[in-house]
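Chemist:
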Amino acid sequence: MQNRHSSAPVSLTLPARRHSNFQIVWSVLFILTFLGSYRLAQVKPLLLLEPEGRRNIWRFVTGMFPPDLSWDFVSLLGRPIIETIQLSLMGTFMAVVIGFPLGLLATRSLTFTGILNEREMVDSRRSVFLLRKGTYLLVRAILSLFRTIPEFVWAFMFVRAVGLGPFPGVLAIGISYAGMLGKVYSEILEHVNPGPLESLQATGASRLTILLYGLLPQALPNLVSYTLYRWECAIRASTILGFVGAGGIGQQLEISMRMFNFNQVLTLVAILFVMVAGVDVLSAKVRRTILSRSSV
Amino acid sequence: MAERSTQMVAQARSRGRNRLSAHNLIILAGLLILMAWSYVGTEFSLRQLLGGESAVQILTYIRKLFPPDLSTEFLLKTGYWTLETFAMSFLGTILAVLIACCLVFLSSRNLMFTGLLFEMEQSRPWIRALRTTLYLTAKAALNLLRTIPHLVWALILVFAVGLGPFPGMLALGIHTGGVLGRLFGEVMENVETQPIEALQATGASRLQILFYGILPQVLPECVAYTLYRWEVNIREAVILGYVGAGGLGQQIQIAISLFLEHRLLTLILAIYLIVTAVDALSAHLRRRLT
Amino acid sequence: MYVLNQICKIFDSRTVAVRELDLKIGRGERVALIGPSGAGKTTLFRMLNLTIPPTSGTLLFDGLDSRHFSGRRLREVRRRIGTIYQQHNLVPRLQVVHNVLSGKLGSWPTWRAVQSLIRPTEADLALEALRHVGIADKLYERTETLSGGQQQRVAIARLLAQDPEVILADEPVSSVDPALAAGIVKLLIDLSETHCKTLLMNLHSVDLAFAHFPRLIGLKDGTISFDLPAAAVTDEHLAALYVGSQTEAVEEEIFSRAEPSFVRSCQPHLTR
């Protein structure tokens with residue numbers, strides 16, 4: 001190596017590694033996608049500069065100030081605010097109730113691989129293995145169906161099925177967030193340190209006791225923390241839910257928007273911001289308590 | 297040894313009692329009351345859901361969805377709308393990165409006015425004030441972009457430039473720009489300082505330090521965050537369609553409003569496919585990066 | 587080259603790292619700094635390479651007062667001082683060639699620096715520097731994949747690319763295994779001898795200091811304990827320097843010397 005360089009010190013060729021196939025292929029793909037998307041999305045930056053667009057933005061911005069704080073309007077908001085909180089709580093609760101068991105079934109290390117199943121898989125017949133793996137795959141598919149469909153589509157369908165009000169909102173949050181919680185729960189459980197589980201199993205503990213004594217204590221802070229995060233998201237989601245008639249503060253937002261009452265829009269956005277920030281503070285507090293407990 | 301073990305038993309006992317302490321009971325009771333309050337408030341009904349009228353209604357609705365509309369004509373249209381939604385999320389994410397990059401350098405304390413890079417500088421007060429002002433403005437701008445939700449941005453922009461995917465893309469870009477700006481900023485402020493100190497000691501300028509010392513360190517993490525936000529944005533792009541930003545969301549609104557359930561199912565399947573595809577692609581790219 | 591007058595450095599207005607230190611170092615001199623950990627050696631070096639300003643006192647570099655440096659002027663002076671760090675302080679994700687060429691940043695305009703990241707502009711220079719330290723084959727490796735000793739040699743190659751008048755080496759060999767340490771010190775000594783560069787080195791190893799440096803400075807509690815030609819330094823001086831502080835330096839040295847035999851005694855089955 002050294003000799004080669006000393007014989008021809010200036011003959012430097014860049015190794016091919018610098019422009020690997022990976023980089024070239026992805027750069028080309030990226031550029032093509034960009035151009036295609038640019039056409040498809042009908043991007044017209046000039047629209048923003050046209051007098052009409054400018055006038056509309058200006059109308060919106062000036063219309064927002066001062067925010068509408070009149071009693072007539074604010075007194076209307078008490079009920080939607082409370083409804084938003086109730087809806088997010090109940091929806092998240094339902095999501096946990098559905099998502100947790102599904103999450104367990106979608107945890108590879110619990111159902112068919114890893115140390116908990118190693119002995120068993122040797123003994124048991126192939127059909128048992130296939131059954132378990134089948135369940136696992138089915139549950140994963142259900143979870144991904146739940147979470148890929150946006151909450152507002154769920155809400156819209158539930159409104160059609162059971163009528164207006166917060167009830168379809170709860171169902172929508174419950175279903176779509178169950179999908180997200182289930183997936184993340186299973187990821188958290190799969191990344192738990194397997195050492196303690198192995199020693200528990202060696203004492204002859206059943207799968208359920210291993211879950212209670214080995215898995216959950218380790219995973220609990222993460223599980224709770226993610227659930228709280230989803231609760232925050234549920235409050236934010238209440239805007240779009242209201243649009244389709246599933247209760248919460250979004251309903252008022254839509255009305256104000258339709259009536260071009262931009263000063264009310266500002267008030268509503270501010271309220272939403274306060275609620276999200278409040279939940280954020282609260283869940284940070286809960287998270288800290290849980291973390292300090294579990295470390296004792 | 298024996299003393300130690302009795303101590304441990306006592307400790308264990310006190311902790312065992314701790315589980316049912318008054319404090320915990322109050323929290324538990326509070327939670328239960330909160331749940332009951334929400335249960336009543338949302339007109340939730342378990343009986344209705346598990347066998348009552350609601351269950352029947354939901355099942356009827358699900359039955360109405362089948363079979364999906366698979367006529368070639370509608371499939372082609374759905375494909376177009378799917379691509380439109382994809383384009384919206386893709387360009388929105390790129391716009392977000394541009395916005396975030398413009399603001400993040402200005403909103404990083406360690407690049408603007410304090411820390412290692414400024415130890416030896418003779419501080420002229422007005423320059424310092426200027427830098428601090430820039431920093432605070434950028435920080436405020438990022439906060440503003442982030443706190444206003446996608447949906448509200450989309451409403452404003454649809455109002456300003458009319459219906460179609462373009463306002464949707466702008467809304468995604470603006471809001472996500474704020475989010476990414478904050479995330480990038482956190483990455484930048486936690487960068488390893490030792491290499492930067494060494495670069496500075498060779499006489500590198502601040503801009504050069506940015507390119508040689510900071511960007512190489514933060515780039516992988518920033519790209520990972522961007523990909524992650526792209527996954528979020530493809531879902532948001534569907535939602536924004538509902539308020540008039542085109543793509544699948546708008547068609548879903550039409551399908552539901554006009555009771556076109558067979559078409560609705562096709563559209564839902566399209567959402568499933570595109571979201572899953574983007575998730576898989578992003579996960580693949582993130583793995584390649586690290 | 588350096589004239590230090592009554593230099594103090596106080597961190598957080600509480601911790602005194604360096605107190606009332608006077609020091610003169612001539613051009614082309616080779617000086618070793620020894621002393622227990624926490625004596626303020628690293629702080630002194632960071633002031634000497636103009637990373638942090640002294641809290642009080644004056645620091646003259648080549649007759650210029652460091653307080654008057656700012657902006658472009660500061661960069662020009664920094665370019666004339668090269669530093670080797672204990673933890674080599676390289677950018678882990680960059681290729682070796684960029685880390686070496688980052689020594690040129692002080693003399694490059696920014697556009698040139700950016701251009702070089704895309705396609706190295708003076709790759710032959712980097713190669714030459716790397717060959718000097720014996721790892722020319724690593725030119726396009728990612729720096730983080732190299733071993734500790736190799737990374738330290740990359741840092742020296744960066745110094746070569748920078749081609750400074752003064753070399754400050756802050757414990758350059760304490761994160762390198764002992765066999766390599768002597769080689770690296772030798773390399774730096776040769777460099778300063780052949781090109782008449784001023785060399786200041788922090789050293790844990792008193793032996794290395796005695797072997798290679800004509801002038802030794804003992805630093806303790808932020809002040810100079812002795813400043814003598816190597817021949818004049820006695821065991822009493824050293825004892826006074828290290829008394830009271832059970833130094834990590836000494837401990838570490840004993841440990842690293844004892845290690846091979848210790849390992850062998852622990853794992854008799856491996857030696858057989």
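Protein chains in written order, with the working numbering: chain U, 1 to 296; chain F, 297 to 586; chain W, 587 to 858. Even for Gly, the Cβ is constructed at its ideal location relative to N, Cα and C.
List the whole-angstrom C-beta distance separating T669 (chain W) from L773 (chain W), where the pair is believed to meet the contact cut-off of C-beta under 8 Å.
Modeler: Not really, about 16 Å apart at Cβ, beyond 8 Å.
Chemist: So that I know if they touch, is there some Cβ in chain F lying closer than 8 Å to that of R287 (chain U)?
Modeler: Closer than 8 Å: no.
Chemist: Take F370 (chain F) and list the residues in its own chain whose beta-carbon comes closer than 7 Å to its own, dropping the five residues that flank it on each side.
Modeler: Closer than 7 Å at the Cβ level, and outside the excluded window around F370 (chain F), lie R559, T562.
Chemist: Exposed or buried, N486 (chain F), counting other C-beta atoms within 10 Å across all chains shown (16 or more means buried)?
Modeler: Result: exposed.
Chemist: Keeping to the same chain, check which residues put their C-beta closer than 8 Å to that of K285 (chain U); ignore five residues upstream and five downstream.
Modeler: Contacts found: none.
Chemist: Tell me M787 (chain W)'s beta-bridge partners as DSSP assigns them.
Modeler: BP columns for M787 (chain W) point to W:A618, W:A755.
Chemist: How long is the line joining the alpha carbons of S11 (chain U) and A747 (chain W), rounded to whole angstroms?
Modeler: In this prediction, S11 (chain U) scores a pLDDT of 45, lower than 50, which makes its location untrustworthy; the coordinate-derived value is nonetheless stated afterwards. Computed Cα separation, rounded: 19 Å.
Chemist: Thinking just about the alpha-carbon of each residue, which of U:R54, U:I85, U:L266, U:F129 is nearest to the one in S238 (chain U)?
Modeler: Residue U:I85 is the option with its Cα nearest to S238 (chain U).
Chemist: Starting from E339 (chain F), follow the beta strand (DSSP E) in both directions and report where the run begins and ends.
Modeler: Premise fails: E339 (chain F) is in no beta strand (DSSP E) and is neither H nor E.
Chemist: By Cβ distance below 8 Å, which residues in the same chain neighbour L266 (chain U) in space, the five residues on each side in sequence not counted?
Modeler: Result list for L266 (chain U): M64, F65, P67, D68, in chain order.
Chemist: Leaving aside the five residues before and after E532 (chain F) along the sequence, list all residues of the same chain whose C-beta is less than 7 Å from its C-beta, in chain order.
Modeler: Cβ neighbours of E532 (chain F) beyond the five flanking positions: H446, L468.
Chemist: Whole angstroms is fine: what's the gap from V475 (chain F)'s alpha carbon to L789 (chain W)'s?
Modeler: Approximately 48 Å, taken between the alpha carbons.
Chemist: Excluding five sequence neighbours on each side, which residues of the same chain lie with their C-beta closer than 6 Å to the C-beta of I840 (chain W)?
Modeler: Low local confidence applies: a pLDDT of 39 at I840 (chain W) is under 50, so the model's placement there is unreliable, with the coordinate-based value given in what follows. Taken in chain order, the list of residues that qualify is empty.
Chemist: When you measure from the CB of L266 (chain U) to every non-hydrogen atom of the ligand GTP, does any distance come out below 7 Å?
Modeler: Among the components modelled here there is no ligand, and therefore nothing to report on the ligand GTP.
Chemist: Near S761 (chain W), what residues of its chain come up, given a Cβ to Cβ distance below 8 Å and the 5 sequence neighbours on each side ignored?
Modeler: Cβ neighbours of S761 (chain W) beyond the five flanking positions: Q672, Q673, H674, G734, Q738.
Chemist: Confirm, please, whether the CB-CB distance from I358 (chain F) to T148 (chain U) is below 8 Å.
Modeler: Not closer than 8 Å, so no.
Chemist: Are L89 (chain U) and L426 (chain F) close, meaning C-beta to C-beta below 8 Å?
Modeler: No. Outside cutoff.
Chemist: Output needed for A392 (chain F): all residues of its chain with C-beta closer than 6 Å, excluding positions within five of it in sequence on either side, in chain order.
Modeler: Excluding residues within five positions, the ones whose Cβ falls inside 6 Å are G469, T472, G473, L476.
Chemist: How long is the line joining the alpha carbons of R679 (chain W) and Y726 (chain W), rounded to whole angstroms?
Modeler: Distance between the alpha carbons of R679 (chain W) and Y726 (chain W) is about 12 Å.
Chemist: On a CA-only basis, which of U:P217, U:L241, U:S256, U:R288 is nearest P166 (chain U)? Give me that one, please.
Modeler: When only C-alpha atoms are compared, the closest one is U:L241.
Chemist: Report the CB separation of L102 (chain U) from I57 (chain U) in whole angstroms; it is logged as a contact under 8 Å.
Modeler: About 45 Å separates the two Cβ atoms, so there is no contact after all.
Chemist: Counting pairs of beta carbons, one from the stretch 327 to 343 of chain F and one from the stretch 156 to 173 of chain U, are three or more of them closer than 8 Å?
Modeler: Flag = yes, the stretch 327 to 343 of chain F and the stretch 156 to 173 of chain U touch.
Chemist: State the DSSP-derived secondary structure class of E834 (chain W), mapped to helix, strand or coil.
Modeler: Low local confidence applies: a pLDDT of 48 at E834 (chain W) is under 50, so the model's placement there is unreliable, with the coordinate-based value given in what follows. Here E834 (chain W) sits in helix by DSSP.
Chemist: Taking the DSSP output, what are the residues bridged to C398 (chain F)?
Modeler: Partner(s): none; C398 (chain F) has no beta bridge.
Chemist: Taking CB distances under 8 Å as the criterion, tell me whether P491 (chain F) reaches chain W.
Modeler: Output row for P491 (chain F): interface = yes.
Chemist: Can you tell me which residues form a DSSP beta bridge with R147 (chain U)?
Modeler: For R147 (chain U), which the question treats as bridged, DSSP gives no partner whatsoever.
Chemist: From what residue to what residue does the alpha helix (DSSP H) around C594 (chain W) run?
Modeler: No alpha helix (DSSP H) contains C594 (chain W), which is instead part of the beta strand (DSSP E) from 588 to 597.
Chemist: Is the distance from the Cβ of A500 (chain F) to the Cβ of S693 (chain W) below 8 Å?
Modeler: No, they are not a contact pair.
Chemist: When you compare the CB of I593 (chain W) with every CB in chain F, is at least one pair closer than 8 Å?
Modeler: I593 (chain W) does not count as touching chain F.
Chemist: Under a CB-based cut-off of 8 Å, is V700 (chain W) close to chain F?
Modeler: So yes, V700 (chain W) belongs to the interface.
Chemist: Against chain U, which members of the stretch 433 to 463 of chain F pass a CB distance test of less than 7 Å?
Modeler: Going along the stretch 433 to 463 of chain F in chain order, one finds T443, I444, P445, L447, V448, L451, I452, F455, A456, V457, G460, P461, F462 with a Cβ nearer than 7 Å to chain U.
Chemist: Just to confirm before moving on: does the CB-CB distance between A234 (chain U) and G91 (chain U) stay below 8 Å?
Modeler: Contact flag set, yes.
Chemist: Skipping 5 residues on each side, what residues in its chain have a beta carbon closer than 7 Å to that of E834 (chain W)?
Modeler: Only weak support is given to the placement of E834 (chain W): the predicted model assigns it a pLDDT of 48, under 50, and the value that follows is read from those uncertain coordinates. Within the same chain, E834 (chain W) has close Cβ partners S623.
Chemist: Count the other CB atoms, across all protein chains shown, that sit within 10 Å of the CB of W697 (chain W); report buried if there are 16 or more and exposed otherwise.
Modeler: Under this definition W697 (chain W) is an exposed residue.
Chemist: Starting from T644 (chain W) and walking both ways along the alpha helix (DSSP H), at which residues does that stretch end?
Modeler: Counting along the chain, T644 (chain W) falls outside any alpha helix (DSSP H), though it belongs to the beta strand (DSSP E) covering 642 to 647.
Chemist: Quick check on V281 (chain U): buried or exposed, where buried means 16 or more other Cβ atoms within 10 Å of its Cβ?
Modeler: Burial call: exposed.
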